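Chains as they are written, first to last, in the working numbering: chain A, 1 to 113; chain B, 1 to 111. For every residue, glycine included, the Cβ atom is placed at its ideal position computed from N, Cα and C. Since we're looking at a predicted model, the values are computed, not measured. Report on the following structure.
Next comes the structure, spelled out in structure tokens:
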């Protein structure tokens, strides 16, 4: 079945550093999404990408939809303590499996003040 | 707007018992999803629905059933609870080709 490989699994960084994480797949996706999950909460959407090559920013966050449609990355600039949490990529395809939304394994981010 | 509402928030089941996890959304979204999240792991898709009357299996459907009689509701049924079903369950909804919004989760323990 479809799988998303997200890396790294975890990151320990100093406040102020930039962060980069990515997601790859053997399958093409029509939509890439990036979510953040805080402990005990449901995932919250950070950025949505709908077109190959699209580069989108949301404050200190920047994400790109890979040109091959099989990958995406998320960058966080100048990290702060509240960036701590688990970040998930998710891919969605339309057509025969219309609407199926698959998640990566997550990247756990720790920020040291 | 309430968004996506899940009930209950917590539940302890004995092995072999059955229960229904409720999920309702008030955003008139066609697409709804059920995921489970095991400790330290990502979200695994159990079932999803692209509209009322239409459901399909996800990655880990065994041991679960769903129905979608209305646009708003998408209940998940566990018929014979097993310890392997101990997990946090999340319901989500979306419009077509748009981002999914999640509920707060149901923490289920099977003992």
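Cβ shell of residue i (< 7 Å), same chain only, five flanking positions each side left out
i: residue 32 of chain A; result: 49, 65, 72, 89 and 91
i: residue 29 of chain A; result: 69, 91, 92 and 93
i: residue 59 of chain B; result: 44 and 45
i: residue 57 of chain B; result: 47
i: residue 81 of chain A; result: 15, 111 and 113
Alpha carbon of residue i to alpha carbon of residue j, nearest angstrom
i: residue 27 of chain B; j: residue 99 of chain A; result: 17 Å
i: residue 108 of chain B; j: residue 10 of chain B; result: 6 Å
i: residue 40 of chain A; j: residue 39 of chain B; result: 11 Å
i: residue 37 of chain B; j: residue 89 of chain B; result: 6 Å
i: residue 30 of chain B; j: residue 74 of chain B; result: 11 Å
i: residue 105 of chain A; j: residue 70 of chain B; result: 32 Å
i: residue 77 of chain A; j: residue 60 of chain A; result: 5 Å
i: residue 64 of chain B; j: residue 77 of chain B; result: 6 Å
i: residue 42 of chain A; j: residue 68 of chain A; result: 30 Å
i: residue 93 of chain A; j: residue 103 of chain B; result: 22 Å
i: residue 146 of chain A; j: residue 23 of chain B; result: Residue 146 of chain A is absent from the structure shown; chain A starts at 1 and stops at 113.
i: residue 20 of chain B; j: residue 17 of chain A; result: 45 Å
i: residue 2 of chain B; j: residue 25 of chain B; result: 8 Å
i: residue 101 of chain B; j: residue 49 of chain B; result: 14 Å
i: residue 95 of chain B; j: residue 51 of chain B; result: 10 Å
i: residue 63 of chain A; j: residue 105 of chain B; result: 27 Å
i: residue 81 of chain B; j: residue 17 of chain B; result: 5 Å
i: residue 3 of chain A; j: residue 84 of chain B; result: 22 Å
i: residue 52 of chain A; j: residue 4 of chain B; result: 30 Å
i: residue 7 of chain B; j: residue 35 of chain B; result: 14 Å
i: residue 41 of chain B; j: residue 103 of chain A; result: 10 Å
i: residue 23 of chain A; j: residue 61 of chain B; result: 24 Å
i: residue 83 of chain A; j: residue 101 of chain A; result: 24 Å
Buried/exposed call for residue i, threshold 16 Cβ in 10 Å
i: residue 55 of chain A; result: exposed
i: residue 14 of chain A; result: exposed
i: residue 87 of chain B; result: buried
i: residue 93 of chain B; result: buried
i: residue 15 of chain B; result: exposed
i: residue 99 of chain B; result: buried
i: residue 25 of chain A; result: buried
Option in the options with minimal Cα separation from residue i
i: residue 53 of chain B; options: B:35, B:41, B:72 and B:60; result: B:72
i: residue 43 of chain B; options: B:66, B:111, B:55 and B:33; result: B:33
i: residue 57 of chain A; options: A:102, A:34, A:70 and A:4; result: A:34
i: residue 8 of chain A; options: A:79, A:82 and A:74; result: A:74
i: residue 110 of chain B; options: B:57, B:51 and B:12; result: B:12
i: residue 79 of chain A; options: A:103, A:25 and A:112; result: A:112
Contacting residues, own chain, Cβ-Cβ under 8 Å from residue i (five flanking each side not counted)
i: residue 11 of chain A; result: 19, 21, 107, 108, 109 and 110
i: residue 36 of chain A; result: 43, 44, 46, 85, 86, 87 and 88
i: residue 68 of chain B; result: 32, 49, 51, 52, 53, 54, 55 and 74
Nonlocal neighbours in the same chain, by C-beta distance under 6 Å from residue i, ignoring five residues either side
i: residue 66 of chain B; result: 47, 55 and 76
i: residue 38 of chain A; result: 85
i: residue 79 of chain B; result: 18
(Q) At 3 residues or longer, what runs of the beta strand (DSSP E) sit wholly inside the region 1-35 of chain B? (A) 4-7, 10-13 and 19-25
Q.
My parser needs the beta strand (DSSP E) runs of 3 or more residues fully inside the region 44-92 of chain B; what are they?
A. 54-57, 64-66 and 76-78
Q: Kindly provide the ranges of any alpha helix (DSSP H) runs that are 4 or more residues long and lie completely inside the region 73-99 of chain A, ordered along the chain.
A: none
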